[in-house]
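K.L.:
The structure that follows is given in the form of structure tokens.
Protein chains in written order, with the numbering used here: chain A, 11 to 202; chain B, 5 to 239.
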């Protein structure tokens, strides 16, 4: 079930920016999302917009005026979780690039079946059969506030709260993964 | 630990390092790169190893390739343009640095130091902040070169990650000395991740370059043996 959604993300910056995009007090952020098959169309533009607004809340843009930070995401495989895989890949790429951020962020997708069960990380087939799907991006502080919420379908307020709660719990795993990977990267230095 | 530095733990952006209130707490602490103080709490802004020195200086050591210009750092730049009395130098940051023709030893309005496009310059950044474009000079406060200036022809320059450059510059790290036991060479290391090496023969230079590049993937101890083996094979 898991492991079928793969996204490759890379971050370039803070670097040179075109005069038309230059901002006097902050960095210009650009997200470029490429699907695994076909050309980039409206769906990809929408994903780029969601990812951009999430990332903008995390990066400390005022530290790098008159520069640009480019985030490029290539969708390798998708089984319904393209958005959350891309957001998480973008977060890891930002951590690796050493861009200063306020917080790390983690995305979790869930869907609600007609019988009212919440499924975390559903497959494409499960999403098709569901009543509604929601993706939440959380920040890493104790209260795990929501940075972005993207929802499709019809959700009652109670169901929305249920999805939010389940996703919040699942996001802890993603943050634990980021920490494990960072510890692995600096393993040699810690030992010496 | 190298030189009084202590690794505390791995931190991610947003992690709380300590709470600090300037009124209540006894001593003062110093925050270096990668840390921010907001609402009485010190948080990490980068993913890396939190380190502290014996003098209560805390910072986050990150492995990254992108150079952000910092005042008083020594960098290697490439001359890209001449604009009147100023040269534009690419130092690997988001903006190009400028250097005046007067910022060289023994330069005056009558005796100009002419730089060709593509020349390598080793100098110090005297202006580097987020508001202004960086400026560098090749003289110190007493108008002496102190090793700065145009690098001679015939060497090879390559890029390394910033932490590798910092590692080999560190006086406690014997890596460059170990290499010198096998090959005689000149090396200039810029804090912007650029390393320039010159030796008698081209194959020595390429071998030295590969030895230093090994440090990207290995600790200096592991790289020591492999580097010596590589240089042996040259002889």
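Ideal Cβ positions, reconstructed from N, Cα and C, are used throughout, including at glycine.
Name the chain B residues whose beta carbon is nearer than 7 angstroms to that of residue 108 of chain A?
P.N.:
What you label residue 108 of chain A is simply residue 98 of the first chain in a count that begins at 1. Simply 50, 66, 68 and 70.
K.L.:
Going straight from the alpha carbon of residue 135 of chain A to that of residue 124 of chain B, what length do you get?
P.N.:
To locate residue 135 of chain A, count along the first chain from 1; it is residue 125. To locate residue 124 of chain B, count along the second chain from 1; it is residue 120. If you take the alpha carbons of residue 135 of chain A and residue 124 of chain B, they lie about 59 angstroms apart.
K.L.:
Output the distance between the C-alpha atoms of residue 26 of chain B and residue 19 of chain B, rounded to the nearest integer angstrom.
P.N.:
The sequence position of residue 26 of chain B within the second chain is 22, counting from 1. The sequence position of residue 19 of chain B within the second chain is 15, counting from 1. Cα to Cα, the separation comes out at about 20 angstroms.
K.L.:
Run down chain A in chain order and give the residues with a C-beta less than 9 angstroms from the C-beta of residue 316 of chain B.
P.N.:
Outside the shown range of chain B (5 to 239) lies residue 316 of chain B, about which nothing can therefore be said.
K.L.:
List the whole-angstrom C-beta distance separating residue 97 of chain B from residue 138 of chain B, where the pair is believed to meet the contact cut-off of C-beta under 8 angstroms.
P.N.:
If you number the second chain from 1, residue 97 of chain B lands on position 93. If you number the second chain from 1, residue 138 of chain B lands on position 134. So it is a contact: roughly 7 angstroms between Cβ atoms.
K.L.:
Measure the C-alpha to C-alpha separation of residue 91 of chain A and residue 153 of chain B and round it to an integer number of angstroms.
P.N.:
Sequence index remark: in the first chain, residue 91 of chain A carries index 81 (1-based). Sequence index remark: in the second chain, residue 153 of chain B carries index 149 (1-based). Taking the straight line from one Cα to the other gives about 54 angstroms.
K.L.:
Is there a C-beta anywhere in chain B that falls below 7 angstroms from the one on residue 102 of chain A?
P.N.:
If you number the first chain from 1, residue 102 of chain A lands on position 92. Closer than 7 angstroms to the CB of residue 102 of chain A there is not a single CB belonging to chain B.
K.L.:
Which residue wins for smallest C-alpha separation from residue 52 of chain B, given the options B/70, B/129 and B/17?
P.N.:
Reading the second chain from its first residue, position 48 is the one you call residue 52 of chain B. Here the closest residue by C-alpha is B/17.
K.L.:
Could you tell me whether the Cβ atoms of residue 108 of chain A and residue 68 of chain B are closer together than 7 angstroms?
P.N.:
For the purposes of this step, residue 108 of chain A is identified with residue 98 of the first chain, where counting begins at 1. For the purposes of this step, residue 68 of chain B is identified with residue 64 of the second chain, where counting begins at 1. For residue 108 of chain A and residue 68 of chain B, yes; Cβs fall inside 7 angstroms.
K.L.:
For the structure I just gave you, are there three or more beta carbon pairs, one from the segment 176-191 of chain A and one from the segment 74-83 of chain A, closer than 8 angstroms?
P.N.:
no
K.L.:
Are the Cβ atoms of residue 154 of chain A and residue 173 of chain A separated by less than 7 angstroms?
P.N.:
Your numbering for residue 154 of chain A matches position 144 in the first chain. Your numbering for residue 173 of chain A matches position 163 in the first chain. Going by C-beta atoms, residue 154 of chain A is not nearer than 7 angstroms to residue 173 of chain A.
K.L.:
What does DSSP give as the partner residue(s) for residue 22 of chain A in the beta ladder?
P.N.:
Reading the first chain from its first residue, position 12 is the one you call residue 22 of chain A. DSSP output for residue 22 of chain A lists A/80 as bridge partner(s).
K.L.:
To which residues of the same chain is residue 82 of chain A closer than 6 angstroms at the C-beta, ignoring the five residues directly before and after it?
P.N.:
Residue numbering aside, residue 82 of chain A sits at position 72 when the first chain is read from its first letter. 20 and 42.
K.L.:
Determine the chain B residues that contact residue 64 of chain A at a beta-carbon separation under 9 angstroms, and present them in chain order.
P.N.:
As a working mapping, residue 64 of chain A is identified with position 54 in the first chain. By Cβ distance, chain B contributes nothing, its closest Cβ being about 14 angstroms from residue 64 of chain A, past 9 angstroms.
K.L.:
Could you name the residues that DSSP lists as bridge partners for residue 142 of chain A?
P.N.:
Along the first chain, one-based indexing puts residue 142 of chain A at 132. Residue 142 of chain A is bridged to A/122 and A/163.
K.L.:
Starting from residue 224 of chain B, trace the alpha helix (DSSP H) in both directions and tell me its first and last residue.
P.N.:
Sequence index remark: in the second chain, residue 224 of chain B carries index 220 (1-based). Going by DSSP, residue 224 of chain B is part of the alpha helix (DSSP H) stretching over 224-238.
K.L.:
Under 7 angstroms between beta-carbons, which chain A residues line up against residue 134 of chain B? List them in chain order, please.
P.N.:
Here residue 134 of chain B refers to the residue found at position 130 of the second chain. Residues of chain A passing the Cβ test: 73, 74 and 75.
K.L.:
Can you check the segment 98-146 of chain B for any beta strand (DSSP E) of at least 3 residues that lies completely inside it and give the ranges in chain order?
P.N.:
101-104, 124-133 and 136-141
K.L.:
Measure the CB-CB distance between residue 45 of chain B and residue 28 of chain B and report whether it falls below 7 angstroms.
P.N.:
Along the second chain, one-based indexing puts residue 45 of chain B at 41. Along the second chain, one-based indexing puts residue 28 of chain B at 24. In this structure, residue 28 of chain B does not lie closer than 7 angstroms to residue 45 of chain B by Cβ.
K.L.:
Going by Cα to Cα distance, which pick from A/152, A/116, A/151 and A/169 is closest to residue 141 of chain A?
P.N.:
By one-based count along the first chain, residue 141 of chain A stands at place 131. The option with the nearest alpha carbon to residue 141 of chain A is A/169.
K.L.:
What is the DSSP secondary structure of residue 94 of chain B, reduced to helix, strand or coil?
P.N.:
Start at 1 with the first residue of the second chain, and residue 94 of chain B comes out as number 90. Note: residue 94 of chain B maps to strand in three-state DSSP.
K.L.:
Please list, in chain order, all residues of the same chain as residue 222 of chain B whose beta carbon is under 8 angstroms from its beta carbon, the five residues on each side excluded.
P.N.:
Here residue 222 of chain B refers to the residue found at position 218 when the second chain is read from its first residue. Closer than 8 angstroms at Cβ, skipping near neighbours: 230.
K.L.:
Taking residue 42 of chain A as part of the beta strand (DSSP E), name the residues at either end of that continuous run.
P.N.:
Here the question's residue 42 of chain A lines up with position 32 in the first chain. Segment 38-44, the beta strand (DSSP E) holding residue 42 of chain A.
K.L.:
Would residue 145 of chain A pass as an interface residue toward chain B - the criterion being a Cβ-Cβ separation below 7 angstroms?
P.N.:
Residue 145 of chain A sits at position 135 when you count from the first residue of the first chain. It does not: the Cβ of residue 145 of chain A has no partner Cβ on chain B nearer than 7 angstroms.
K.L.:
At the level of alpha carbons, what is the spacing between residue 183 of chain B and residue 176 of chain B?
P.N.:
Start at 1 with the first residue of the second chain, and residue 183 of chain B comes out as number 179. Start at 1 with the first residue of the second chain, and residue 176 of chain B comes out as number 172. Cα-Cα distance, rounded: 15 angstroms.
K.L.:
Taking residue 115 of chain B as the reference, give the member of B/132, B/126, B/89 and B/94 with the closest Cα.
P.N.:
Against the second chain, residue 115 of chain B aligns to sequence position 111. Of the candidates B/132, B/126, B/89 and B/94, the one whose C-alpha sits nearest the C-alpha of residue 115 of chain B is B/89.
K.L.:
Using the beta-carbon of each residue, which ones in chain A are nearer than 8 angstroms to residue 18 of chain B?
P.N.:
If you number the second chain from 1, residue 18 of chain B lands on position 14. Chain-order list of chain A residues neighbouring residue 18 of chain B: 111, 112, 113, 114, 149, 150 and 151, by C-beta distance under 8 angstroms.
K.L.:
For the segment 166-191 of chain A, which residues have a CB atom closer than 7 angstroms to at least one CB atom of chain B, in sequence order?
P.N.:
188 and 189
K.L.:
Is the Cβ of residue 23 of chain B closer than 7 angstroms to any Cβ of chain A?
P.N.:
Looking up residue 23 of chain B in the second chain gives position 19. With respect to chain A, the C-beta atom of residue 23 of chain B has no partner C-beta closer than 7 angstroms.
K.L.:
How far does the alpha helix (DSSP H) with residue 184 of chain B in it extend, from its first residue to its last?
P.N.:
As a working note, residue 184 of chain B is residue 180 in the second chain. That run of the alpha helix (DSSP H) goes 179-184.
K.L.:
Helix or strand or just coil, what does DSSP make of residue 195 of chain A?
P.N.:
For the purposes of this step, residue 195 of chain A is identified with residue 185 of the first chain, where counting begins at 1. Three-state result, residue 195 of chain A: helix.
K.L.:
Do residue 91 of chain B and residue 119 of chain B have their CB atoms nearer than 7 angstroms?
P.N.:
As a working note, residue 91 of chain B is residue 87 in the second chain. As a working note, residue 119 of chain B is residue 115 in the second chain. Yes, these two residues count as a Cβ contact at 7 angstroms.
K.L.:
Run the CB neighbour count on residue 132 of chain A, radius 10 Å, all protein chains shown included, and call it buried at 16 or more, exposed below.
P.N.:
Mapped onto the first chain, residue 132 of chain A falls at position 122. The residue is buried, with at least 16 neighbouring Cβ atoms inside 10 Å.
K.L.:
Would a check of beta-carbon distances place residue 14 of chain B closer than 7 angstroms to chain A?
P.N.:
Along the second chain, one-based indexing puts residue 14 of chain B at 10. For residue 14 of chain B, the answer is yes, since a Cβ of chain A falls inside 7 angstroms of its Cβ.
K.L.:
Among A/126, A/38, A/165 and A/95, which one has its Cα closest to the Cα of residue 13 of chain A?
P.N.:
The residue you call residue 13 of chain A lines up with position 3 of the first chain. With distances taken between Cα atoms, residue 13 of chain A lies closest to A/95.
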